[in-house]
Amino acid sequence: MNESIMQDNIIQLKDLHYHYPDGTHALKGITITIPKGQVTALLGGNGAGKSTLFQHLNGILKPSSGEVFFDGQPVDYSRKGLLNLRQAVGMVFQDPDNQLFSASVYQDVSYGVLNLQLPKDEAQRRVEHALERTGISHLRNKPTHALSFGQKKRAAIAGVLAMEPQVLVLDEPTAGLDPKGISEIMQLLLETQKGMDLTILIATHDIDIVPLYCDRVFVMDEGEVVLEGTCGEVFAKREKLRNVNLRLPRIGHLMEILKFKDGFALDEIPMTISGARKALKNWRDEKA
Amino acid sequence: MNESIMQDNIIQLKDLHYHYPDGTHALKGITITIPKGQVTALLGGNGAGKSTLFQHLNGILKPSSGEVFFDGQPVDYSRKGLLNLRQAVGMVFQDPDNQLFSASVYQDVSYGVLNLQLPKDEAQRRVEHALERTGISHLRNKPTHALSFGQKKRAAIAGVLAMEPQVLVLDEPTAGLDPKGISEIMQLLLETQKGMDLTILIATHDIDIVPLYCDRVFVMDEGEVVLEGTCGEVFAKREKLRNVNLRLPRIGHLMEILKFKDGFALDEIPMTISGARKALKNWRDEKA
Amino acid sequence: MLNTDTYAYASRLKAIDPMQKFIFAFLTLGVCLWADQMVVSIAVIVLMSGATIFFGGAPFSVWLKLMIVPMSFLVIGIITIAINISRDVHSFLWAYSIAGYWVGISESGIREGINLFFRVLGSVSCLYFLSLSTPMVDLLSVLRRLRLPKLMVEMMGLIYRFIFVLLETAATMLIAQNSRLGYINLRTGYRSMGSMVSVLFIRAYKRSNELYTSLEARGYDGEIKVLEETYENNKKLVFLAALINGVLIFLALFLK
Amino acid sequence: MSKRIQLFVGLVLMMFLIPYKASAMHIMEGFLQPGWAISWGALTIPFVVLGIFSIKKTISLNPRLKILLAMAGAFVFVLSALKLPSVTGSCSHPTGVGFGAILFGPTAMAVIGVIVLLFQALLLAHGGLTTLGANTFSMAVVGPFVAYGVYKLVQKFKGPQWLGVFLAASLGDLSTYVTTSIQLALAFPSEVGGIAASLTKFMSIFAVTQIPLAISEGILTVIIFNALASY
Chain A
0 MNESIMQDNI IQLKDLHYHY PDGTHALKGI TITIPKGQVT ALLGGNGAGK
50 STLFQHLNGI LKPSSGEVFF DGQPVDYSRK GLLNLRQAVG MVFQDPDNQL
100 FSASVYQDVS YGVLNLQLPK DEAQRRVEHA LERTGISHLR NKPTHALSFG
150 QKKRAAIAGV LAMEPQVLVL DEPTAGLDPK GISEIMQLLL ETQKGMDLTI
200 LIATHDIDIV PLYCDRVFVM DEGEVVLEGT CGEVFAKREK LRNVNLRLPR
250 IGHLMEILKF KDGFALDEIP MTISGARKAL KNWRDEKA
Chain B
0 MNESIMQDNI IQLKDLHYHY PDGTHALKGI TITIPKGQVT ALLGGNGAGK
50 STLFQHLNGI LKPSSGEVFF DGQPVDYSRK GLLNLRQAVG MVFQDPDNQL
100 FSASVYQDVS YGVLNLQLPK DEAQRRVEHA LERTGISHLR NKPTHALSFG
150 QKKRAAIAGV LAMEPQVLVL DEPTAGLDPK GISEIMQLLL ETQKGMDLTI
200 LIATHDIDIV PLYCDRVFVM DEGEVVLEGT CGEVFAKREK LRNVNLRLPR
250 IGHLMEILKF KDGFALDEIP MTISGARKAL KNWRDEKA
Chain C
0 MLNTDTYAYA SRLKAIDPMQ KFIFAFLTLG VCLWADQMVV SIAVIVLMSG
50 ATIFFGGAPF SVWLKLMIVP MSFLVIGIIT IAINISRDVH SFLWAYSIAG
100 YWVGISESGI REGINLFFRV LGSVSCLYFL SLSTPMVDLL SVLRRLRLPK
150 LMVEMMGLIY RFIFVLLETA ATMLIAQNSR LGYINLRTGY RSMGSMVSVL
200 FIRAYKRSNE LYTSLEARGY DGEIKVLEET YENNKKLVFL AALINGVLIF
250 LALFLK
Chain D
0 MSKRIQLFVG LVLMMFLIPY KASAMHIMEG FLQPGWAISW GALTIPFVVL
50 GIFSIKKTIS LNPRLKILLA MAGAFVFVLS ALKLPSVTGS CSHPTGVGFG
100 AILFGPTAMA VIGVIVLLFQ ALLLAHGGLT TLGANTFSMA VVGPFVAYGV
150 YKLVQKFKGP QWLGVFLAAS LGDLSTYVTT SIQLALAFPS EVGGIAASLT
200 KFMSIFAVTQ IPLAISEGIL TVIIFNALAS Y
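Residue numbers (numbering that gives the first Met the number 0), protein chains in the order written: chain A, 0 to 287; chain B, 0 to 287; chain C, 0 to 255; chain D, 0 to 230.
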């Protein structure tokens with residue numbers, strides 16, 4: 000492996016297969032590389048294998064065959080190796096009630112940090128910082144069960160951020176949130192990514208957020224990666240997306256129809272509102 | 000109350016207030032009428048009071064003050080009255096796992112029907128019909144926990160449809176589904192509404208589906224109804240929507256920007272893809 | 000369902016070191032039990048409910064509701080103790096004879112009943128002082144400081160959190176069943192409750208697995224370690240608590 | 000004479016029909032004298048310690064079980080907060096004693112039980128701190144051991160599973176309240192007739208009235224186990 004790849008990619012999966020104990024072949028030869036310092040989306044319908052894949056990234060599951068590389072090194076499944084990996088790759092699960100085990104927000108956020116065997120004041124500093132970053136400092140003395148769903152999501156994220164990971168992996172971060180909640184949590188993630196120099200990986204089937212917040216996309220279906228590339232590259236493969244229970248972002252869908260059915264001579268098919276504005280203005284100006 | 004109102008509206012709420020036992024004032028004077036035979040959406044952010052409102056519609060909750068009318072009659076909270084109301088107003092909950100209890104799909108779908116004390120062959124007919132309508136006849140002998148999420152949603156709907164209600168009330172029917180699942184379930188609901196002459200009420204914060212599938216919209220915020228009308232009427236109040244943690248459908252947002260910022264002289268602001276096509280084509284044709 | 004914890008979080012006494020509150024409540028409870036005298040009991044009721052309502056700011060209505068909770072046990076218990084059966088009518092103040100036996104109440108029975116009544120209310124007001132001023136999380140830290148086995152305190156913390164998760168699920172499932180007329184008669188009621196409880200159990204099982212996975216993802220090593228918030232330790236309050244109980248003890252000794 | 004009998008019957012009936020809750024059947028705070036409170040506490044501690052050691056051993060073999068046991072504890076709490084459907088409309092709660100004992104064994108139940116009882120005392124004002132020992136002894140030691148023993152006995156004699164579950168749950172429930180009656184009788188012996196007379200009184204109030212509820216809990220537990228088996 001050469002130097003340049005080691006710098007650019009933080010996680011690499013090579014021909015990863017996974018069979019569940021009941022025999023289900025959940026992952027069928029996944030080979031992907033996750034670029035450092037970007038926001039990558041893992042798109043796929045229900046049951047495509049996104050969650051199974053995620054659990055390989057911090058060693059919760061061990062591949063049946065194939066390899067996982069972190070920062071250029073194959074994952075070490077010893078006790079110590081796993082602890083290091085789990086510090087470096089933080090996981091936020093879909094249902095915060097499955098992640099928050101303590102009735103106190105403060106105690107819950109401190110749990111992961113304390114597993115790192117840091118001096119107490121450093122641990123405290125990290126907890127404070129995570130609470131602040133996720134905007135829940137004022138909830139520290141509230142009982143977990145009194146939090147709203149969105150606040151629980153933030154608490155779950157804080158508990159992982161406090162460990163100061165290099166990679167943040169989130170399973171359906173927008174599920175169950177209302178539109179304002181979605182944009183707030185995505186904004187929070189983007190800011191955190193910049194502020195803490197993180198790599199972020201998001202599994203989702205909320206397609207409309209992908210072109211807005213993500214740099215790269217992998218599309219999964221039935222345990223395989225069927226598409227990958229930048230948002231533009233992936234969303235250009237419209238037919239393939241539809242075959243795997245997905246669709247274009249709504250804006251993209253409109254632009255596609257305008258271009259191919261209604262004869263608007265657009266150069267490309269933009270996926271976001273700002274992209275669509277530009278394309279339509281260009282088209283108007285060219286016509287004028 | 001005159002004859003015409005009784006025919007048009009199936010549910011009426013008059014100045015409904017509800018306080019939870021812990022004192023939370025969850026509903027603050029709700030006055031709405033639900034028209035018969037239509038699909039009505041109840042839009043609102045998390046915690047706006049949608050679920051609390053729903054639980055008044057079939058008598059699970061009793062208002063602290065105010066009145067609920069079904070089919071022109073005030074709701075009778077006696078045992079028998081509630082039995083009739085709950086048969087007439089079917090509720091589908093957000094998480095199907097909270098609604099499926101039995102070992103097999105068939106048993107689960109028949110659960111509510113059996114509680115109606117019907118003759119056995121009539122009960123069987125209804126169960127068969129509900130299984131067919133929701134497209135899960137082939138899953139009848141499967142255990143409910145072996146179903147996919149989308150199948151579970153269907154089974155939950157079938158169990159309510161089998162009771163042959165007049166009104167179907169659904170809490171976040173699209174939550175957790177992938178794009179294909181969403182359009183399938185909404186299609187199923189529209190067909191059912193026509194086929195069984197139902198009134199459908201949907202609580203959701205998935206704004207993009209509202210202009211596609213719903214006839215009327217109520218917008219709730221902090222226990223109050225802040226907007227109501229047809230989709231066109233409600234989505235014209237853009238500022239108000241944003242104030243209550245919601246937004247326009249993405250297409251609507253694009254069209255709004257095109258009209259007000261980019262100087263596209265559109266007549267109105269369409270909310271759906273087909274509406275946007277028409278508007279943009281009109282605009283092009285007028286210009287040409 | 001009553002849940003005192005909500006009010007404990009809102010209490011003005013919340014910030015006080017829970018150990019101090021715990022010792023104060025337990026000491027007073029002990030004195031009230033030991034003294035077993037109406038006057039002392041009433042003093043304790045006034046003191047503790049005063050502290051809970053005036054200093055803590057707990058709503059009076061909640062406190063009253065809590066006081067009513069044990070009433071049925073108390074009344075039944077006291078009646079059972081006070082009523083006696085005997086062949087001898089002379090021991091009773093008031094009695095009926097049935098088939099050669101006398102069923103009735105004696106003077107000492109009444110005295111014991113009244114004493115018990117106030118002793119129980121006194122003790123209960125100590126318990127409520129604690130539960131309305133100290134959230135469970137704080138009480139767990141007291142137990143930790145008292146050197147209870149780690150495993151025990153850990154389990155308590157987990158159980159406490161899970162109670163709310165499961166209660167929410169159970170409540171939703173009960174509503175769903177009621178919506179489909181699941182409790183329309185006794186037979187369907189039992190069937191519904193049975194299936195609800197079994198589904199709840201399976202959900203609890205699955206949840207425990209998922210929670211374990213997420214604990215592992217944050218580096219679980221067999222023990223759940225968390226940081227504790229610090230509390231204000233007020234020497235004056237320690238003195239006050241000692242003084243109050245000293246006075247109560249003297250009062251009891253004087254009356255004895 | 001007949002009038003007096005009528006009055007007596009009326010009095011007894013009134014006691015039977017007062018709609019008190021099963022959860023209010025924990026001995027409340029302050030009801031036991033310090034001597035009894037301490038004695039029952041001391042008697043209970045070894046069982047809880049034994050339980051902790053047995054849980055520690057299980058966990059060292061499979062760490063997942065810690066979370067599962069905690070979930071089970073929360074489950075028992077929630078179960079005891081449910082209202083059993085009943086004919087009269089008065090509400091009663093299952094104890095979960097038999098269910099827990101069959102699934103997790105009586106030693107683990109001692110630990111789960113003491114925690115649940117402590118939470119009930121602090122959060123719901125059912126039971127108390129000074130009576131925690133006595134309540135734990137009846138509900139988390141005697142009840143589960145009886146339930147478990149009965150279940151194993153029925154198994155040994157190759158009785159059907161439903162019978163084992165039914166008897167375990169009902170007798171577990173019932174033995175809990177028999178123990179409570181004994182505890183109360185010991186603490187409050189009658190002036191005339193002493194402990195025996197007092198026991199008769201408490202049994203008729205706290206144990207006999209519990210019989211229909213014990214049967215209800217037995218039936219419910221059988222339904223739950225059948226549903227679990229079909230999963």
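Backbone N, C-alpha and C fix where the C-beta goes; we use that ideal spot for every residue, glycine too. A quick note: this is a predicted structure, and the numbers were derived from the prediction, not measured.
- The Cβ atoms of residue 197 of chain A and residue 191 of chain A sit closer than 8 Å to each other.
- Counting along the chain, the unbroken alpha helix (DSSP H) around residue 181 of chain B starts and ends at 178–194.
- In the assembly as shown, residue 204 of chain A is a buried residue. Its beta-carbon has 16 or more other beta-carbons within 10 Å.
- Residue 172 of chain C has a beta carbon lying within less than 8 Å of a beta carbon in chain B.
- Look at the stretch 96–177 of chain A and you find these whole runs of alpha helix (DSSP H), each 4 residues long or longer: 104–113, 119–132 and 148–160.
- In this structure the stretch 106–123 of chain D does not touch the stretch 230–248 of chain C; the number of beta carbon pairs closer than 8 Å is below three.
- Annotation: residue 178 of chain A to residue 156 of chain C spans about 34 Å, alpha carbon to alpha carbon.
- Beta-bridge pairing by DSSP links residue 198 of chain A to A:166.
- In the DSSP assignment, residue 188 of chain C falls within the alpha helix (DSSP H) that extends over 185–216.
- Under the criterion of beta carbons closer than 8 Å, residue 89 of chain A and residue 172 of chain A do not qualify as touching, at roughly 13 Å.
- Around the beta carbon of residue 220 of chain A, a 10 Å sphere encloses 16 or more other beta carbons of the protein chains shown; the residue is thus reported as buried.
- In the same chain as residue 146 of chain A, and ignoring 5 residues on each side of it, the C-beta atoms closer than 8 Å to its own belong to 104, 138 and 154, in chain order.
- Look at residue 62 of chain B here: in three-state DSSP terms it is coil, with no helix or strand label.
- By the CB criterion at 8 Å, residue 135 of chain D and residue 43 of chain D fall inside the cutoff.
- Secondary structure of residue 57 of chain C (DSSP, three-state): coil.
- Residue range 215–220 is occupied by the beta strand (DSSP E) that includes residue 217 of chain A.
- Under the DSSP assignment, residue 226 of chain B falls in the beta strand (DSSP E) whose first and last residues are 223–229.
- Buried is the label assigned to residue 35 of chain D, since at least 16 other Cβ atoms lie within 10 Å of its Cβ.
- Residue 90 of chain A belongs to the set of residues whose beta carbon lies under 8 Å from a beta carbon in chain C.
- Taken in chain order, the complete beta strand (DSSP E) segments of 3 or more residues contained in the stretch 15–92 of chain A are 24–34, 38–42, 64–69 and 88–91.
- In terms of Cβ geometry, residue 14 of chain A and residue 65 of chain A form a close pair [threshold 8 Å].
- The closest CA to that of residue 3 of chain C, considering only D:180, D:94, D:208 and D:119, is found on D:119.
- Straight through space, the alpha carbons of residue 228 of chain A and residue 35 of chain A are spaced by roughly 15 Å.
- With a threshold of 8 Å between beta carbons, residue 197 of chain D makes no contact with chain B.
- Residues of the stretch 144–164 of chain B whose Cβ lies closer than 8 Å to any Cβ of chain A, in chain order: 147, 148 and 149.
- Counting the other Cβ atoms within 10 Å of the Cβ of residue 27 of chain C gives 16 or more, which makes it buried.
- DSSP places residue 103 of chain C in the uninterrupted beta strand (DSSP E) bounded by 100–104.
- When secondary structure is reduced to three states using DSSP, residue 239 of chain B falls in the helix class.
- Distances from the alpha-carbon of residue 213 of chain A to those of A:194, A:223, A:233 and A:222 put A:233 closest.
- By the CB criterion at 8 Å, residue 167 of chain D and residue 100 of chain D fall inside the cutoff.
- According to the DSSP secondary-structure assignment, residue 15 of chain C is paired through a beta bridge with C:231.
- Not one beta carbon of chain C lies nearer than 8 Å to the beta carbon of residue 45 of chain A.
- Interface annotation, residue 17 of chain B: not in contact with chain C, CB-CB separation never under 8 Å.
- Neighbourhood of residue 48 of chain B in chain A, by CB distance below 8 Å: empty, with the nearest CB roughly 13 Å away.
- One thing to note: residue 58 of chain A has its Cβ no nearer than 8 Å to the Cβ of residue 222 of chain A.
- Given a length threshold of 4 residues, each whole run of the alpha helix (DSSP H) inside the stretch 30–114 of chain D is given here in chain order: 33–60, 63–80 and 96–103.
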